[in-house]
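Numbering (this note's numbering), first residue to last: 671 to 846.
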């Protein structure tokens, strides 16, 4: 979800974010990922869009495909295909960048760029949600499609964003 898309949501709904996203939406280029959102902030956008946040299983399948690859493009890390601490870039990139690093389902930036919230709980406390994908600040191990972390649902970080899933009329599920 880009800053442009999230800004449109804020203007249309008057939603007041819990996280520190408001100032970043205006500071970052509009085609960069929105970040610094809490789980509730991400969930509110997804519901407004008519979808949900992906479950951990949906996120992983979208990133790894059915063959269980380590990265969206295959099993070996390729520094030119993502935005991470081990890549050739110098930080966050636009949401539509790096087409050659797409997953088997044509999802972009599933390795690096920003961590992404999922619907799934991490552990048994029900306070933390699973985040996936790593970020531009992380190395290649944390940017793999199998790595997962738990983050308190009320936290926001400058490198934590999200993507959405919405029902598709023919296939049932589609990433947005």
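Glycine included, C-beta positions come from ideal geometry on N, C-alpha and C.
From the listed residues 715, 671, 702, 831, the smallest Cα separation to residue 684 is found for 715. Straight through space, the alpha carbons of residue 721 and residue 702 are spaced by roughly 21 Å. Of all C-beta pairs linking the stretch 743–758 to the stretch 675–691, fewer than three are shorter than 8 Å, placing the two stretches out of contact. Listed as beta-bridge partners of residue 703 by DSSP are 672. When secondary structure is reduced to three states using DSSP, residue 785 falls in the strand class.
Rounded to the nearest whole angstrom, the CA to CA distance from residue 817 to residue 774 is 18 Å. In terms of Cβ geometry, residue 833 and residue 724 form a close pair [threshold 9 Å]. In this structure residue 813 is in contact with residue 754, their Cβ atoms being roughly 5 Å apart against a cut-off of 8 Å. Rounded to the nearest whole angstrom, the C-alpha separation of residue 730 and residue 764 is 21 Å.
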